[in-house]
Structure formats: C-alpha cells, structure tokens
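Undergrad: This is the structure I have questions about; it appears just below.
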Amino acid sequence: MSHHQLRKEKNCLNCGETVEQRFCPKCGQENSINRPSFHYLFTHFAEDFVHYDSGFWKTMKTLFFRPGKIIRDYLDGKRKTYMPPVKLYIFVSFAAFFLPYLLPDFEHENTENYIQNAITQEDEFEGIEVKTGVFAKSVKELDSIQNSLPPNQKIPELEYDIFKGTLAGIGLNENQTDSVAVLVGKSVDDRLFSKNGINIGPYKNVRTVEQLDSIDNNLSEKNKPGWASKKLMRKIVEIRHRHYEENENLWKKGWETFVQNLPKALFFYLPIFAFLLWLIHGKKKWLYYDHGVFTLYYFSFLLFLITLNIILDWIFGGISMLIPSWSVFFDFIIISLFVISAIYSFFYFFRAHSKVYLENKAVSRMKGFVLFGMNFFLFIMVLMIYSLITFLIV
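Numbering (the numbering used here), first residue to last: -18 to 375.
As structure tokens, this is what we get:
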C-alpha cells in the first residue's frame, strides 16, 4: 500500500478523470504529488526494487529451486504471480552484463604490484655473491675476481661453474632484445608463439607488425597469405607484444572479455534453442510461443547462475589475495562451484522439460537427450565463432 502524499486536486494527471479516492478509477494511476522530494525518489526506487513487478524475489526463488514450475504456471495462465519472461530475461541479462565492470579487480591490482616489484628488483640487481661480501654481475667480473684471489682462497671449481652458468644465463636474457633483431626471418625457434617472436611459415621470429610487413613485402604474390590470414597474423603479433613486452595478462583479459560478452552470445542463441524445441515437440499441441517462454525462463536461470558464479569467484578470489597461503583451497572451491553449477544446469534442463511438456518419463528423457545433444553441438559452433571474435577484440 502506497503512503505517498496525495494531491488536493481531484483530476487525474494521466487521463483527466475525476479521482475521489487514492487511485484513478479509469487508468489506475495514483493521485499523488508529481514533483516529490529526492527522499521520495530514493525510497520509491528501493520500494520498487524490493517489490519489482509484484514478485521479483518470489520469481527468482521459484526459478532457481523449482525447475519448470514458473514455466508451467505461466503457460497455464497464472501470470500475475511471477515476472513475465521477457522482463525477467532483460533484468537478469542486464545484471550479468554490467556486474563484471562494477566489481573491483583485486587480482589485477595485485598483479600490477607484483610486476612493479619484479621490475624494481631487477633494476636493483647487485650480482651474485661469490665470496663473502664479493659480488659478480657478469662472467667477466667472475673471472676477474677468480684471477685476483690467492690460490688457497679461490672459488671451488664446482661452485665456479655454477656461478658462471647462472651469470651467462642472466647476460643472455639482458642481451636478448638486441640480438633478436638480427634473427628476424631466420629459423631459430620453431614455436608459434614465443619470446623470440611468432613463427608461421616464412615468417620467423617476428616481433612487430613492421617486421611482419617487411617480410611480406619480400614474398612473391604466390606465397603471400590471404587477407584474413594476414589480419589474423597481425593480431597474433600484437598479442605476443602485449604479453611479452608489456607484461599484460592476456589469458585473464581474454577470459574476462569472454565472460562479459557471454550474455550477448546467449541472447543470439535464444531463437535457435526455441526452434529446436519446436522441431522436437508436436506442432498441434505446442506453439512456438510456448517454446519461447520455456527458453526465456531457462536462459534467465542460466544467466542468474553465471552471475552467482561471478560474485562467488570475486569473493573467494579477494579472500585468497588476503590469505595467500589458502589460495589453493579457495581456487578449489571456485572450481568446485563451477562444476556443481554445470551439473545443476544439466539436471535443471531435464527436470524443467519433464514438468513443462508433461510427457511419459522415458519419452521426455529421450527427447531431452536429443535436444541436449543438438544444442551442445550447435552451441559449441556458436561458441567457437564467438571465441574467435573475442580473440580479435581482446
């Protein structure tokens, strides 16, 4: 029941009808003051959220814990109790889409601090302590120290070899940036993606787009890659540069992009899912509209589950940053929750399908497995295309 202050005038601001009580008898609008205080706007927002569409919380509780009940009730005409499928899907997908942008990224901040500390430590490298208080930064310094020591104080041969190998490795890493430029176009590292560069066909140890274009200009028209292949290679070169030269965590970035855009992929798959339901079930008893209602509610459940996993992943990830010694345990919890969610969504589909379509259990299970197999195959294809798009926009 609303407690907002009423207007003294008796005409409805919406339709002009005479209003004797609180609500207009013609259009139902409340005859309250139309320019309220900010306090009213805030409390009105909170009230509308809690009582959103006369049953948001009841809808979410029933949707999550009672597979198929909302769909069955909605198709039977009991539509006032729950949120309509389109409104629910828009609301949940909106939350799932914006949530990753709203949550603070503790892991990113921790990674930045780690990289900065690593760079600082590298800049402050004082060498290896080969004798008490004596440090060597290079093999040349090690040899000089060894030659200057009396015979009875020289570094033992085994330790000397270890120090020499370590310093040689450090020196190689320091000089790698300069030396790799000479190796462009030569087969030194056959790995597709490495610190030396990318290696695809005639493109060897390519580290920049400029080097890629330089090699491309020297190739004959017959050996030059097509437009799509060239664009893909340029993207690989860019990603390698961001990974090795800028210390960017691309796996994490790619996963974040994937999760953030997953609601979009599910949205585009909605009509395909409903169409497969329409193909499997009788056309006389069921309309495409009925399958659309099933699809919208089921996908709302999936998005809600994804949102819940994002929140729990953020919570446990933040705790693991505070308690590093327990990070393995919290990672196990996060993975376990993901596996449990996948299993529950699988069970949920079969339970909801059986409850909504009211078929013989054996027939319902058979159709359910056929539908699940078809959707799995098609969604993998959609996911592959979507993953490629994600890769290109990362």
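No residue lacks a Cβ here, since even glycine has one placed at the ideal position from N, Cα and C.
Could you tell me which residues DSSP puts in a beta bridge with Ser13?
TA: Ser13 is bridged to Leu(-13).
Undergrad: Are the region 308 to 320 and the region 343 to 351 in contact at 8 Å, needing three or more beta carbon pairs?
TA: As far as the Cβ criterion goes, the region 308 to 320 does not touch the region 343 to 351, which means the pair count is below three.
Undergrad: Taking His334 and Gly349 to be in contact with their CB atoms under 8 Å, please state how far apart those CB atoms are, rounded to whole angstroms.
TA: Rounded, the Cβ-Cβ distance is 5 Å, consistent with contact.
Undergrad: Kindly identify the DSSP beta-bridge partner or partners of Thr(-1).
TA: Its beta-bridge partners are Asn(-8).
Undergrad: How would you label Leu339, buried or exposed, when you count the other beta carbons within 10 angstroms and need 16 or more for buried?
TA: Its Cβ having fewer than 16 others within 10 Å, Leu339 is exposed.
Undergrad: When you compare the CB positions of Arg3 and Val337, do they come within less than 8 Å of one another, or not?
TA: Taking 8 Å as the Cβ cut-off, Arg3 and Val337 do not qualify as a contacting pair.
Undergrad: In whole angstroms, what separates the C-alpha of Arg60 from that of Gln10?
TA: Distance between the alpha carbons of Arg60 and Gln10: 21 Å.
Undergrad: Do you know whose CA, among Val351, Trp295, Phe357 and Ser368, lies nearest Tyr82's CA?
TA: Answer by Cα proximity: Trp295.
Undergrad: Less than 8 Å separating the beta-carbons of Val363 and Tyr55?
TA: No.
Undergrad: Between the Cα of His222 and those of Ser326, Cys5, Glu191 and Asn199, spot the shortest distance and give me the residue it belongs to.
TA: Considering only alpha carbons, the answer is Glu191.
Undergrad: With Ile52 as the anchor, note down where its beta strand (DSSP E) starts and where it stops.
TA: Element bounds for Ile52: not the beta strand (DSSP E) but the alpha helix (DSSP H), Lys50 to Leu56.
Undergrad: Determine whether the beta carbon atoms of Lys7 and Glu1 lie at a separation below 8 Å.
TA: Contact flag unset, no.
Undergrad: Please classify Asn154 as buried or exposed, where buried requires at least 16 neighbouring CB atoms within 10 angstroms.
TA: Any answer about Asn154 is weak, because its pLDDT of 45 lies below 50 and its placement is not dependable; what the coordinates show is given next. Per the 10 Å Cβ criterion, exposed.
Undergrad: Under a three-way DSSP split, which group does Ile361 fall into?
TA: Three-state result, Ile361: helix.
Undergrad: Taking its Cβ as the centre, do 16 or more other Cβ atoms sit within 10 Å of Tyr367, making it buried, or is it exposed?
TA: Result: buried.
Undergrad: Strictly by DSSP, which residues pair up with Ala117?
TA: Answer is Ile109, bridged to Ala117.
Undergrad: What separation, rounded to the nearest whole angstrom, lies between the Cα atoms of Val120 and Pro132?
TA: Computed Cα separation, rounded: 19 Å.
Undergrad: In angstroms, rounded to a whole number, what distance separates the CA positions of Ile14 and Arg47?
TA: C-alpha separation (whole angstroms): 41 Å.
Undergrad: If you reduce the DSSP assignment to three classes, tell me which class Leu293 lands in.
TA: Helix.
Undergrad: Three Cβ pairs or more, each shorter than 8 Å: is that satisfied between the region 258 to 275 and the region 284 to 292?
TA: As far as the Cβ criterion goes, the region 258 to 275 does not touch the region 284 to 292, which means the pair count is below three.
Undergrad: Could you name the residues of the same chain whose beta carbon sits closer than 7 Å to that of Lys145, not counting the 5 residues immediately before and after it, in chain order?
TA: Contacts found: Val120 and Leu123.
Undergrad: Over what stretch of residues does the alpha helix (DSSP H) that includes Phe4 continue unbroken?
TA: Note, Phe4: premise wrong, no alpha helix (DSSP H); not H, not E.
Undergrad: Just checking my contact of Pro244 with Leu284 at CB under 8 Å: how many whole Å lie between their CB atoms?
TA: About 6 Å; that satisfies the 8 Å criterion.
Undergrad: When you compare only the Cα positions, how much space is there between Asn128 and Lys203?
TA: For Asn128 and Lys203, the distance between alpha carbons rounds to 59 Å.
Undergrad: Are the CB atoms of Phe282 and Phe75 nearer to each other than 8 Å?
TA: No; because the gap between Cβ atoms is not below 8 Å, this pair is not in contact.
Undergrad: Measuring alpha carbon to alpha carbon, tell me which residue in Asp57, Thr62 and Gly58 is nearest Phe37.
TA: Out of Asp57, Thr62 and Gly58, Thr62 has the C-alpha closest to the C-alpha of Phe37.
Undergrad: To the nearest angstrom, report how far apart Leu352 and Leu286 are at their CA atoms.
TA: The alpha-carbon atoms of Leu352 and Leu286 are separated by roughly 21 Å.
Undergrad: Around the C-beta of Glu105, are 16 or more other C-beta atoms found within 10 angstroms, so that it is buried, or is it exposed?
TA: Annotation note: pLDDT 49 at Glu105 (below 50); position unreliable, coordinate value reported separately. Its Cβ having fewer than 16 others within 10 Å, Glu105 is exposed.
Undergrad: Can you grab the Cα-Cα spacing for the pair Val115 / Ile136, in whole Å?
TA: If I take the Cα positions, the gap works out to 11 Å.
Undergrad: Given that a residue counts as buried once 16 or more other Cβ atoms are within 10 Å of its Cβ, and exposed if not, what is Asn198?
TA: It counts as exposed.
Undergrad: Along the chain, where does the alpha helix (DSSP H) that runs through Pro81 open and close?
TA: Taken as a continuous stretch (DSSP letters only), the alpha helix (DSSP H) holding Pro81 covers Pro66 to Leu83.
Undergrad: Residue range of the alpha helix (DSSP H) that His334 falls in?
TA: Note, His334: alpha helix (DSSP H), Ser308 to Tyr338.
Undergrad: Where does Cys(-4) land, buried or exposed, given buried means 16+ other C-beta within 10 angstroms?
TA: Burial call: exposed.
Undergrad: Judging by CA-CA distance, which residue of Tyr278, Leu359 and Phe72 is the nearest neighbour of Phe330?
TA: When only C-alpha atoms are compared, the closest one is Tyr278.
Undergrad: What is the DSSP secondary structure of Lys264, reduced to helix, strand or coil?
TA: In this structure, Lys264 counts as coil in the three-state DSSP scheme.
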